[in-house]
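Working notes, structure below.
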Amino acid sequence: MDNRVTKLFNIKYPIIQAGMIWCSGWELAAAVTNAGGLGVIGSGSMYPDVLREHIQKCKKATNNGIFAVNIPMLYPDIDKHMEVIVSEGVKVVFTSAGNPKTWTSFLKEKGIIVVHVIANAKFAQKAEEAGVDAIVAEGFEAGGHNGREETTTFCLIPIIKKAVKIPVIAAGGIATGRAMLASMALGAEGVQIGSRFVASEESSANINFKNAVIKSNEGDTKLTLKQLTPVRLLKNKFFDDVQNAENNSASVDELSKLLGRGRAKKGMFEGDLIEGELEIGQVAAIIKEIKSAKDIIDEIITEYKQAKAELIKGF
Ligand code: NDP
Ligand code: NDP
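In the numbering used here, the protein residues as written are 21 to 335.
Below you can see the structure in the form of structure tokens.
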């Protein structure tokens, strides 16, 4: 496959694995890169020394050293993460949850490729103006932190495609070759896939969380905590506690107190399915097996090619 996204990252397939907190460690990123996609380390849950360790391990474990680091701009020690990225010679950075103007020129001056994650046209244009190389457009179906507009991927991709000239990578609700084909038909030049890779052998998510993902069904995730930062979660006791608090008109302070610290770690890394925060997308409903990252990518590409051939034949 040959397009602006494969050329930008020098990868075989335009499949980008999302840099998810507590799930996207070096093992997953390296496995995705070695299978022909772009592996991404999720730095949001890593202290700077841990990030350095993951980058070093990823460099050793990848054939070509092509992988990225995702940095949520809400991260408290972002300066230290940037220092680690530059000193370790990371070639690609995905920024999310913040203003793309803050770090893009710093990274570009160092020769680093920059991609920014957005959920609406306004921020897509802002990212393009800031000089990013590509955009991830993430729809409402996606797990974890989510845009406030609630625009679904099917509506978002054509809107973003119209708004910017740089390559658009579709995200949210994509776990199969058919969904990848649909995204490309809408104008995306690549896909970012999160939930499917949570339930991979190499993801650093706790096995309890992976099992909960493959057991989940349609309707089992919901966007919540809209007053703080909207986040899509798998329903559990913690989710119910948040819903009850919101139904009882809890204040922002009360919700923050209920959330506490380290909920995401408790759920996704330590495997507490009752009290932990479990971030996953709607598409979890069709994920039924834990597989290796290579098998996941091979399966997506095979299905993509078959579906494309079927469509061409049908016309
Ligand atoms: P290592 O084999 O170096 O270390 C594994 C360590 O992580 C062990 O202490 C292990 O605890 C702990 N660990 C691994 N998986 C889990 C889990 N699902 N739940 C609770 N504890 C877990 O692994 P890596 O090379 O993969 O990791 C290097 C460092 O990065 C470690 O400190 C690791 O904890 C951290 N890490 C951080 C991530 C993040 O998103 N912040 C993601 C992945 C790893 P035990 O001794 O009980 O087996
Ligand atoms: P909390 O404030 O509840 O907890 C912070 C967690 O991050 C702790 O588990 C802590 O690990 C770990 N951590 C890693 N580095 C640092 C640091 N420098 N200072 C403090 N804590 C650190 O936050 P969340 O777990 O909800 O979120 C963590 C980060 O991930 C935030 O930066 C957030 O913006 C980002 N995030 C990004 C998402 C995305 O979709 N991109 C989704 C959700 C969160 P320990 O417990 O070992 O101290």
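Note that CB positions come from ideal geometry on N, CA and C, so glycine has one too.
Keep in mind it's a predicted model, so treat the numbers as computed, not measured.
Residue pairing of residue 243 in beta bridges, as defined by DSSP: 252.
Secondary structure at residue 92: strand, using DSSP grouped into helix, strand and coil.
The alpha carbon of residue 152 has as its nearest neighbour, out of 276, 187 and 169, the alpha carbon of 187.
Restricting attention to 308, 34 and 29, the CA atom closest to the CA of residue 209 is found in 34. Between ligand 2 and the CB of residue 66, the shortest heavy atom gap is smaller than 7 angstroms. Residue 299: not part of any alpha helix (DSSP H); DSSP gives it neither H nor E. Proximity of the beta carbon of residue 285 to ligand 2 is indicated: a heavy atom of the ligand is located closer than 7 angstroms. Using a Cβ-Cβ distance cut-off of 8 angstroms, the segment 68-75 and the segment 184-198 are not in contact, since fewer than three pairs of beta carbons, one from each stretch, lie closer than that value. Bridge pairing for residue 156: 137 and 189 [DSSP].
Counting along the chain, the unbroken beta strand (DSSP E) around residue 210 starts and ends at 210-213. Around the C-beta of residue 269, fewer than 16 other C-beta atoms lie within 10 Å, and the residue is accordingly described as exposed.
Within the model, the alpha-carbon separation for residue 291 versus residue 224 is close to 11 angstroms.
CA-to-CA, the gap between residue 79 and residue 232 works out to about 31 angstroms. Excluding its 5 nearest sequence neighbours in each direction, residue 169 has C-beta neighbours in its own chain below 6 angstroms: 140, listed in chain order. Residue 331 counts as exposed, since fewer than 16 other C-beta atoms from the protein chains shown sit within 10 angstroms of its C-beta.
Partner residues in the beta bridge of residue 112, as assigned by DSSP, are 88 and 133. With a threshold of 16 other beta carbon atoms within 10 Å, residue 282 falls short and is exposed. When distances are taken from the beta-carbon of residue 299 to the heavy atoms of ligand 2, the shortest one is below 7 angstroms. Judged by the Cβ position, residue 95 qualifies as a neighbour of ligand 2 at the 7 angstroms threshold, a heavy atom of the ligand being closer than this. As the crow flies, the alpha-carbon of residue 82 is around 36 angstroms from that of residue 171.
In the three-state DSSP reduction, residue 36 falls in the strand class (E or B).
The DSSP-derived three-state label of residue 311 is strand. Residue 201 places its beta carbon less than 8 angstroms from that of residue 327. Between ligand 2 and the CB of residue 216, the shortest heavy atom gap is not smaller than 7 angstroms.
Between residue 37 and residue 161, the gap from beta carbon to beta carbon reaches 8 angstroms or more.
Under DSSP, residue 164 shares a beta bridge with 252. Residue 180 places its beta carbon less than 8 angstroms from that of residue 144.
For residue 41, there is no enclosing beta strand (DSSP E), as DSSP marks it with neither H nor E. In the DSSP assignment, residue 25 falls outside any beta strand (DSSP E) and within the unbroken alpha helix (DSSP H) covering 24-29. Judged by DSSP secondary structure, residue 233 falls outside any beta strand (DSSP E) and instead within the alpha helix (DSSP H) spanning 227-235. Taking every protein chain shown into account, the CB of residue 22 has fewer than 16 other CB atoms within 10 angstroms, so this residue is exposed. For residue 70, there is no enclosing beta strand (DSSP E); the residue is found in the alpha helix (DSSP H) stretching over 68-81. The beta carbons of residue 111 and residue 133 sit closer together than 8 angstroms.
Within the same chain, Cβ atoms closer than 6 angstroms to the Cβ of residue 308 are found at 234, the five residues on either side in sequence being excluded.
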